[in-house]
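Peer 1: Structure in structure tokens, see below.
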Ligand code: UDP
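Numbering (the working numbering), first residue to last: 31 to 179.
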């Protein structure tokens with residue numbers, strides 16, 4: 031099983047999209063192994079997005095993700111990293127297909143509603159920034175017998 035780090039960004043919380051997004055993740059068959067609502071610290075945001083530190087949008091990105099409460103999650107399942115990237119849709123909502131979260135609920139890149147780790151290394155790194163090991167819950171969900179061969 032894979033684990034990935036998901037953020038419901040502050041714009042989505044303000045727009046009342048938390049339930050919709052969590053529901054899509056659950057219905058897809060992925061398991062929520064950790065979840066917390068809070069305002070991300072500037073330190074965590076800068077560490078999270080450090081690969082973009084030289085980009086022109088870095089300062090506005092940090093301001094955006096720390097502007098209000100967001101939801102941090104660890105989502106688990108077979109191929110969870112690739113599945114969550116597909117569930118979220120393209121970074122630029124203009125290119126995101128209908129049926130994806132960004133394709134259904136977002137208009138521009140700077141307010142694109144959700145984040146999902148893009149690789150195994152990123153998932154490991156991002157989960158460690160936002161969660162202690164003890165906050166990630168190991169449990170069995172009854173639907174696993176139907177979801178997996
Ligand atoms: N971003 C932005 N302007 C850009 C590119 C990215 O504001 O031109 C923001 C956007 O919120 C995006 C985040 O920076 O989700 C991280 O960018 P990345 O390319 O890693 O996309 P993601 O992994 O979120 O799809």
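Even for Gly, the Cβ is constructed at its ideal location relative to N, Cα and C.
All of these numbers come straight from a predicted model, not from anything done at the bench.
Nearest to residue 123 by CA position, among 114, 142, 108, is which residue?
Peer 2: Mapped onto the chain shown, residue 123 falls at position 93. Cα-wise, what sits closest to residue 123 is 142.
Peer 1: Could you tell me whether the Cβ atoms of residue 52 and residue 42 are closer together than 8 Å?
Peer 2: Within the chain shown, the letter at position 22 stands for residue 52. Within the chain shown, the letter at position 12 stands for residue 42. No; because the gap between Cβ atoms is not below 8 Å, this pair is not in contact.
Peer 1: Short of 7 Å in beta carbon distance, which residues of its chain neighbour residue 69, apart from the five on each side in sequence? Order them along the chain.
Peer 2: Here the question's residue 69 lines up with position 39 in the chain shown. Excluding residues within five positions, the ones whose Cβ falls inside 7 Å are 96, 98, 99.
Peer 1: For residue 119, which residues in the same chain have their Cβ closer than 7 Å to its Cβ, ignoring the five residues on either side in sequence?
Peer 2: For the purposes of this step, residue 119 is taken as residue 89 along the chain shown, with counting starting at 1. Excluding residues within five positions, the ones whose Cβ falls inside 7 Å are 126, 127, 130, 131, 132, 133.
Peer 1: Note down the Cα distance separating residue 107 from residue 165, rounded to an integer number of angstroms.
Peer 2: For the purposes of this step, residue 107 is identified with residue 77 of the chain shown, where counting begins at 1. For the purposes of this step, residue 165 is identified with residue 135 of the chain shown, where counting begins at 1. Answer to the nearest angstrom: the Cα atoms are 17 Å apart.
Peer 1: Quick check on residue 114: buried or exposed, where buried means 16 or more other Cβ atoms within 10 Å of its Cβ?
Peer 2: Residue numbering aside, residue 114 sits at position 84 when the chain shown is read from its first letter. Label assigned to residue 114: buried.
Peer 1: Beta-carbon separation of residue 111 and residue 170 under 8 Å?
Peer 2: If you number the chain shown from 1, residue 111 lands on position 81. If you number the chain shown from 1, residue 170 lands on position 140. It is not a contact, given that the beta carbons lie outside the stated cut-off.
Peer 1: So the alpha helix (DSSP H) residue 133 belongs to, where does it begin and stop?
Peer 2: Here the question's residue 133 lines up with position 103 in the chain shown. Element bounds for residue 133: 131-135.
Peer 1: Beta carbon of residue 3, beta carbon of residue 37: below 8 Å?
Peer 2: Here the chain covers residues 31 to 179 and nothing more, so residue 3 does not appear.
Peer 1: Beta-carbon separation of residue 72 and residue 92 under 8 Å?
Peer 2: Translated into the one-based positions of the chain shown, residue 72 becomes position 42. Translated into the one-based positions of the chain shown, residue 92 becomes position 62. In contact: residue 72 and residue 92 (Cβ atoms closer than 8 Å).
Peer 1: Considering only C-alpha positions, which residue in the set 59, 109, 152 is nearest to residue 174?
Peer 2: Here residue 174 refers to the residue found at position 144 when the chain shown is read from its first residue. Out of 59, 109, 152, 59 has the C-alpha closest to the C-alpha of residue 174.
Peer 1: Please tell me whether residue 54 and residue 117 are closer than 8 Å, where the distance is taken between their beta carbons.
Peer 2: Counting from one through the chain shown, the residue named residue 54 turns up at place 24. Counting from one through the chain shown, the residue named residue 117 turns up at place 87. Going by C-beta atoms, residue 54 is nearer than 8 Å to residue 117.
Peer 1: With distance defined between alpha-carbon atoms, name the residue in 161, 75, 84, 144 nearest to residue 48.
Peer 2: Translated into the one-based positions of the chain shown, residue 48 becomes position 18. Checked all of 161, 75, 84, 144; the closest Cα to residue 48 is 144.
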